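Below is one structure, written out as structure tokens, with a few remarks after it.
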Amino acid sequence: MIITEKEKCTGCSACMSICPVDAIEMATDEDGFLSPVVDDDICIQCGKCIRVCPANKNRNSIVENNFPITYAAVNNEKKYLEVSSSGGIFPVIANKVLENRGVVFGCAWTDSLKAEHIFIENHKDLVKLQGSKYVQSNIGNSYIKAKELLENGREVLFTGTPCQIAGLKSFLNKKYDNLTTIDLICHGVPSQSFFDGYLNYLSKEAKSKVIGFQFRDKRYGTRYIGKALLEKGKKIKIYPVKSYYYNYFLKGYIFRESCYICPYADSKREGDITLGDYWGIERYHPEIASKDGSSVILVNTKKGEQLLESFSEKLRIVHSDFKKASANNGHLIKPTKRNSKRDEIFNLWRIGGSELVAKKFQVSSKENLTAILKNVVPYSVKRRIKKITCN
């Protein structure tokens, strides 16, 4: 059975979750992405998988009249900024839900550095859900568990990419007053298998297994500089100009095919609230710009608005507008454009794995120079330059 066209499948797992006879498995395809495989010997041809698939439906955005409302914000507490990717807004929302004995779903690393959706019920586990994981997370049974908790009256906060939120809502097929959703501004997602290959390559190069990975280390401000923790205890910096995985991610070369035709990359969002980096905040809202990152918040529903009002005193927050927020955040307007480099990279990967991809990886001298300048010029100087050039 074909559930939907391959290039439209987001890998959201709604089909697997809805199947009444467990005939669907999310298996790795030739590019390393999880895609549904139907066991025809078990399948009862009920058609639920086809009907639940968001790719087969006309979009029904939850954005209400007079929304979205756009804000720029930064968490007042530095401890949250240090481990969050942008302005540290997510932990404030999550803590509010946890205080009410609620449950929070989000993406976490497993011990073997697999990106998987989990749920937490206490504050000490919140750190697992913080920080960027530039890999598509495995939803697993999260939709099923979320429904069980909702039916039992628990407050649930579910965070994910817009396609994952769309998958959840389609699976639930009803509105729950005790459910709040947050979608993340998404560039596109690489596959877990492609990332695994990169980690193996990195481990061989370092002669020590990579046991921890952080895509954005806040010690270096908001710049895209990562960190890998090795088994021997050493830590190594990950620069986009030296890391094929990071470089190709930022350029949009290694995403799932559906990401290039993403229907969710616009102002009609899937979550009650949308969160992401507020790129260009120095130009539009210099009064709250922070070297530790700033967030854009899109409030898309009345429920999202009420939630924001309940914790806004914990933030430095100002009204913004969608045009400003999207000026340097193009994925709020349109999806990443597909580049022919994607075919070249995945062909290399299929032939020779991560070693061959790494061998063929190179950046221009201009790209190298730009990276050097970004890393040596202090944030305070950059901010002054931007302030002068923007006036």
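Numbered as in numbering that gives the first Met the number 0, the sequence shown ends at 390 without a single skipped number. Just so it is clear, CB atoms sit at the ideal spot from N, CA and C, and this is done for glycine as well. Predicted model, so just to flag it, every value in this text is computed and none were measured.
Assigned secondary structure, residue i (DSSP; H/G/I helix, E/B strand, else coil)
i	result
residue 106	strand
residue 35	strand
residue 419	Since the first residue of the chain shown is 0 and the last is 390, residue 419 is not available in this structure.
residue 137	strand
residue 186	coil
residue 284	coil
residue 0	coil
residue 54	helix
residue 155	strand
residue 26	strand
residue 92	helix
residue 253	coil
residue 164	helix
residue 332	coil
residue 43	coil
Residue i to residue j span [Cα, whole Å]
i	j	result
residue 14	residue 277	34 angstroms
residue 196	residue 348	9 angstroms
residue 361	residue 204	17 angstroms
residue 20	residue 38	10 angstroms
residue 140	residue 114	14 angstroms
residue 8	residue 48	12 angstroms
residue 179	residue 218	32 angstroms
residue 365	residue 144	49 angstroms
residue 161	residue 200	31 angstroms
residue 328	residue 245	18 angstroms
residue 18	residue 279	44 angstroms
residue 27	residue 3	16 angstroms
residue 254	residue 334	11 angstroms
residue 42	residue 363	51 angstroms
residue 321	residue 295	9 angstroms
residue 133	residue 106	10 angstroms
residue 25	residue 32	9 angstroms
residue 67	residue 326	16 angstroms
residue 110	residue 274	26 angstroms
In DSSP terms, what residue i is bridged to
i	result
residue 318	70
residue 294	72, 276
residue 229	209
residue 237	225
residue 114	108
residue 198	Paired residues: none, contrary to the question.
residue 178	155
residue 49	Its beta-bridge partners do not exist; DSSP assigns none.
Cutoff 7 angstroms; reference residue i; Cβ partners in own chain excluding five residues on either side
i	result
residue 152	177
residue 231	207
residue 342	none
residue 30	190, 345
residue 147	none
Neighbourhood of residue i by C-beta distance below 6 angstroms, restricted to the same chain and skipping five residues each side
i	result
residue 211	228
residue 142	16, 167, 170
residue 270	164, 180, 181, 182
Other residues of its chain near residue i: CB distance less than 8 angstroms, five sequence neighbours each side excluded
i	result
residue 6	256, 257, 260
residue 317	70, 71, 72, 284, 286, 287
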